[in-house]
Amino acid sequence: MALLAALIAQLQLKKEQLRRLTVCAVNLGNLDGDFSQNRSLLEEPELTAKTWKGMLADKFLEYRDVMAVQYDDISSVQLALSRQMLSEKIAQIKLEIMALESSIAAERTRLAAIRAGKD
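For the sequence shown, my numbering gives the first residue as 32, with consecutive numbering after it.
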């Protein structure tokens, strides 16, 4: 009986982990879209030679270019990697849930057989 209770507790824990990871995956997908849409904000405000020039302007534009490269890296590489890792973890937990459900069913069958033998 203790084994069954432990298996059920593990199953509940895994289901909660799955729920949280699924919410995380949805939120990450939403943030990915927002992140991509906001890429254009790196170019604002537009600074022309008429509005700003000189060494500070050049340095600012260099920083802006570096930020654009880093922004693109986050958008194309890091977010994709995070989505992949989440998907893999979700798949792993689903397999663990299936295994636990199978173990629970087997334990219930075993306990029912023991009860039937006592009757």
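We put the CB at the ideal spot given by N, CA and C, even for glycine.
TODO: Provide the residue span of the alpha helix (DSSP H) that contains residue 108, from first to last.
DONE: Along the sequence shown, one-based indexing puts residue 108 at 77. Unbroken run through residue 108: none, as it is neither H nor E.
TODO: Flag residue 96 as yes when its Cβ comes closer than 8 Å to any non-hydrogen atom of the ligand SAH, and as no otherwise.
DONE: This structure lacks the ligand SAH, and indeed carries no ligand of any kind.
Task: Inter-residue spacing [alpha-carbon to alpha-carbon] between residue 84 and residue 90 - done: For the purposes of this step, residue 84 is taken as the residue at position 53 of the sequence shown. For the purposes of this step, residue 90 is taken as the residue at position 59 of the sequence shown. C-alpha separation (whole angstroms): 10 Å.
Task: Among 71, 51 and 41, the one whose alpha carbon lies nearest that of residue 99 - done: Working through the sequence shown from its first residue, we reach residue 99 at position 68. Ranking 71, 51 and 41 by Cα distance to residue 99 puts 71 first.
- [ ] Below 8 Å on the Cβ atoms is my guess for residue 138 versus residue 38; work out the distance and round it to an integer in Å.
- [x] Reading the sequence shown from its first residue, position 107 is the one you call residue 138. Reading the sequence shown from its first residue, position 7 is the one you call residue 38. Confirmed, about 6 Å.
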